[in-house]
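Asks: Okay, handing you the structure first.
Residue numbers (the UniProt record's numbering): 1 to 335.
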């Protein structure tokens, strides 16, 4: 097929007419996105398996793509023996994708569908099974658990792409928690940053599922680290976003800290950079933030390597020392 955007056949209006045509094109594309999403919901509605009655209809365990990451979702022609062999599982295994088991697409309260039927939907969408899981799951989450935001999408007031930024975060919430987030962001999403949405979802998890919130916090703390890349010293180049570090005697330092500890460290380093401003004129703030503290005429205690080591030891210790933490997002009140 010959492209219409090249060659003498292409003729576009000039000036403001081009922008007007682009705006019309965007509006049309958004309408197509909404129509496609509504068709997906219609398909799900026709083939929905009610979680409350699934034991008497489809039976068997529920396949959750989030919990069974890495298991293949085969095409609709793959039979049970081929699926089991590909996954390296015994023939009596149940709950494997592609064996006509109920599959979870979204969070609590959303309908289940047959995983084998789902492969036909993926084919109709022209997507791989993995891509279709992400897209269809987001649309189902939106329609069944975020109804206020869904109505704004259907009205053309919010793009499907923008709404999916919310659905990616709400799937793990209880039904009531998702409803609370829906009420908070549906009418303010146009001015919300991703970080604000994340804080809202975190607040909902704390209020509506405190046990899971505690597990999430513990998992986040387990991910803390503080690395000094001594192995990169003296190299001629450093890979990745820190290119230029690791040259000569410069060593890259990186880590992941608890928020309160990170705030303390940021305050100390920022104070040090300000103190060095008069002593090292003409240097950038980045250089001053990374300079040794013993060059500063400031009478405050220097940020020496030994002091940093003591600080890091405290940063990596469990937060059982009772230090106050900065206030988090306001806890929502369940309706």
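Even for Gly, the Cβ is constructed at its ideal location relative to N, Cα and C. In this text, all values refer to a predicted model and were calculated from it rather than measured experimentally.
Tell me, please, whether the segment 166-185 touches the segment 198-208 by the rule of three or more beta-carbon pairs shorter than 8 Å.
Replies: Segments in contact, yes.
Asks: From 253, 29 and 132, pick the residue whose C-alpha is nearest to that of residue 40; which is it?
Replies: Minimum Cα distance to residue 40 is reached at 132.
Asks: Can you find a CB in chain D that lies within less than 8 Å of the CB of residue 175?
Replies: Looking for chain D here will not work: only one protein chain is present.
Asks: Ends of the alpha helix (DSSP H) at residue 34?
Replies: Run containing residue 34: 16-47, per the alpha helix (DSSP H) assignment.
Asks: Taking C-alpha atoms, which residue in 281, 135, 17 and 262 lies nearest to residue 162?
Replies: Among 281, 135, 17 and 262, the Cα nearest to that of residue 162 belongs to 135.
Asks: Would you report the Cα separation of residue 256 and residue 221, rounded to the nearest angstrom?
Replies: Answer to the nearest angstrom: the Cα atoms are 9 Å apart.
Asks: Using the three-state DSSP reduction, which class does residue 113 fall into: helix, strand or coil?
Replies: If DSSP states are grouped into helix, strand and coil, residue 113 belongs with the strands.
Asks: In terms of residue numbering, what span does the alpha helix (DSSP H) encompassing residue 208 cover?
Replies: Here the alpha helix (DSSP H) through residue 208 covers 194-208.
Asks: From the DSSP output, which residues share a beta bridge with residue 102?
Replies: Paired residues: 114.
Asks: What does a CB cutoff of less than 8 Å around residue 185 pick up in its chain, not counting 5 residues either side in sequence?
Replies: 149, 166, 192, 197 and 200.
Asks: Just mark residue 140 as buried or exposed, buried being the case when its beta carbon has 16 or more other beta carbons within 10 Å.
Replies: Counting Cβ neighbours within 10 Å, residue 140 comes out buried, since at least 16 surround it.
Asks: Skipping 5 residues on each side, what residues in its chain have a beta carbon closer than 7 Å to that of residue 228?
Replies: So the qualifying residues of the chain are 251 and 253.
Asks: In the DSSP output, which residue or residues are listed as bridge partners for residue 264?
Replies: Bridge partners of residue 264: none, in fact.
Asks: For the candidate residues 158, 61 and 170, whose alpha-carbon lies nearest to that of residue 27?
Replies: Taking only the C-alpha atoms, the option nearest residue 27 is 158.
Asks: Just the C-alpha distance for residue 61 and residue 44, rounded to the nearest angstrom, thanks.
Replies: In a straight line, the C-alpha of residue 61 is about 19 Å away from that of residue 44.
Asks: Around the C-beta of residue 90, are 16 or more other C-beta atoms found within 10 angstroms, so that it is buried, or is it exposed?
Replies: In this prediction, residue 90 scores a pLDDT of 43, lower than 50, which makes its location untrustworthy; the coordinate-derived value is nonetheless stated afterwards. The residue is exposed, with fewer than 16 neighbouring Cβ atoms inside 10 Å.
Asks: Report the option in 110, 123 and 124 whose CA atom is closest to the CA atom of residue 173.
Replies: If we check each option's Cα against that of residue 173, 110 comes out closest.
Asks: Using CA coordinates, which residue listed in 224, 274, 282 and 48 is at the minimum distance from residue 262?
Replies: Checked all of 224, 274, 282 and 48; the closest Cα to residue 262 is 224.
Asks: For residue 290, which option in 249, 153, 259 and 258 has the closest C-alpha, if you only look at C-alpha atoms?
Replies: Comparing Cα positions, the closest option is 249.
Asks: In this structure, does DSSP put residue 175 in helix, strand or coil?
Replies: In the structure shown, residue 175 sits in a helix (DSSP, three-state: H, G or I).
Asks: Could you give the distance in angstroms between the alpha-carbon of residue 48 and the alpha-carbon of residue 187?
Replies: Approximately 29 Å between the Cα atoms of the pair.
Asks: Any idea if residue 171 is buried or exposed, counting beta-carbon neighbours within 10 angstroms, 16 or more meaning buried?
Replies: The residue is buried, with at least 16 neighbouring Cβ atoms inside 10 Å.
Asks: Closest by CA to residue 29, which one among 63, 156, 120 and 121?
Replies: When each option's Cα is compared against that of residue 29, the closest is 156.
Asks: Between the C-alpha atoms of residue 258 and residue 216, what's the straight-line distance to the nearest angstrom?
Replies: Near 13 Å, if we compare the C-alpha coordinates of residue 216 and residue 258.
Asks: What's the C-alpha gap between residue 16 and residue 160?
Replies: So the alpha carbons of these two residues sit roughly 27 Å apart.
Asks: Thinking residue 168 and residue 107 are a contact (beta carbons under 8 Å), I'd like their distance in whole angstroms, please.
Replies: Contact doesn't hold; Cβ gap of about 11 Å is too wide.
Asks: Go through its chain and collect everything with a Cβ distance to residue 103's Cβ below 8 Å, but skip five positions before and after it.
Replies: Closer than 8 Å at the Cβ level, and outside the excluded window around residue 103, lie 62, 63, 64, 65, 97, 112, 113, 114, 115 and 118.
Asks: Taking the Cβ atom as the reference point for each residue, do residue 154 and residue 32 lie within a distance shorter than 8 Å?
Replies: Their beta carbons are not under 8 Å apart, which means residue 154 does not touch residue 32 by this criterion.
Asks: Helix, strand or coil for residue 107, going by three-state DSSP, please let me know.
Replies: Coil at residue 107, not helix or strand.
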